[in-house]
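Q: Here the sequence shown stands for residues 316 to 486, numbered as in our numbering.
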Amino acid sequence: MTQMAQGDASAFTAIYDRHAALVYGICKRILGDPAAAEDVTQSVFTQLWAKPYSFAGGNFGGWIARVARNASLDIVRSAAVRRREPEMPTDMPSDNVLEDEVFERVRAGAIVEAVKALPADQREAIEQAYFQGLSYREVAERMGAPLGTVKSRIRSGLRQLWEALHRTVAT
């Protein structure tokens with residue numbers, strides 16, 4: 316991983332050769348569609364190449380399997396949401412497209428700022444649990460903290476995020 320993080324393409328190729336079948340198998344089992352599984356597999360490895368530092372150590376095979384699982388489940392969830400939403404005609408632009416885009420950018424910026432403002436221990440616990448997909452137990456092991464402490468940090472951090480975002484929306 317260190318070599319790949321330094322831009323070594325041959326190290327990336329070795330990692331791909333070793334783990335691509337595992338990633339593809341997980342994706343295919345969850346998605347049931349070989350083409351979609353190939354797309355998600357490619358996406359997982361593209362993300363790995365772009366952000367090799369997202370792997371924080373430990374069992375790489377377990378980590379990449381979890382990334383593949385989460386990416387596949389995201390596809391399944393988004394497909395379920397699309398099936399529930401009525402389709403809008405594509406030739407009718409929304410009157411509020413620009414307003415919606417501006418609101419989304421403001422909200423995304425507010426989220427980033429709110430996360431940055433959290434105490435380091437809460438921010439680290441939330442990032443590992445929600446952005447890296449780790450279980451609370453795995454977060455506790457990585458942080459070297461008791462499970463109850465990690466749960467408390469995450470709960471407090473989420474409460475602070477909610478309050479910060481609520482203040483942003485209210486203003």
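Beta carbons: idealized from backbone N, C-alpha and C, even for Gly.
Should W378 go down as buried or exposed, given a rule of 16 or more other Cβ atoms within 10 Å for buried?
A: Within the sequence shown, residue 378 is the residue found at index 63, counting from 1. Flag for W378 reads buried.
Q: Along the alpha helix (DSSP H) that carries D436, what are the first and last residues, could you check?
A: Locating residue 436 in the sequence shown gives position 121, where the first residue counts as 1. Per DSSP, D436 belongs to the alpha helix (DSSP H) from A435 to I441.
Q: By the DSSP assignment, the alpha helix (DSSP H) with Y451 in it spans what residues?
A: Along the sequence shown, one-based indexing puts residue 451 at 136. Segment Y451 to M458, the alpha helix (DSSP H) holding Y451.
Q: How big is the Cα-Cα spacing for I426 and R474?
A: Locating residue 426 in the sequence shown gives position 111, where the first residue counts as 1. Locating residue 474 in the sequence shown gives position 159, where the first residue counts as 1. Distance between the alpha carbons of I426 and R474 is about 13 Å.
Q: Roughly how many angstroms separate the alpha carbons of W364 and F327, rounded to a whole number?
A: The sequence position of residue 364 within the sequence shown is 49, counting from 1. The sequence position of residue 327 within the sequence shown is 12, counting from 1. Those two C-alpha atoms are separated by around 7 Å.
Q: With distance defined between alpha-carbon atoms, name the residue in Q437, E456, A386 and G372 nearest to A351.
A: Locating residue 351 in the sequence shown gives position 36, counting from the first residue. Taking only the C-alpha atoms, the option nearest A351 is A386.
Q: Examine the Cβ distances between the stretch 435-445 and the stretch 461-476 and report whether three or more of them are shorter than 8 Å.
A: Yes: at least three Cβ pairs fall under 8 Å.
Q: Is the CB-CB distance between G376 and L337 below 8 Å?
A: Here residue 376 refers to the residue found at position 61 of the sequence shown. Here residue 337 refers to the residue found at position 22 of the sequence shown. Yes, these two residues count as a Cβ contact at 8 Å.
Q: Alpha carbon to alpha carbon, what distance is there between A460 and A329?
A: Translated into positions along the sequence shown, residue 329 becomes position 14. Translated into positions along the sequence shown, residue 460 becomes position 145. Approximately 34 Å between the Cα atoms of the pair.
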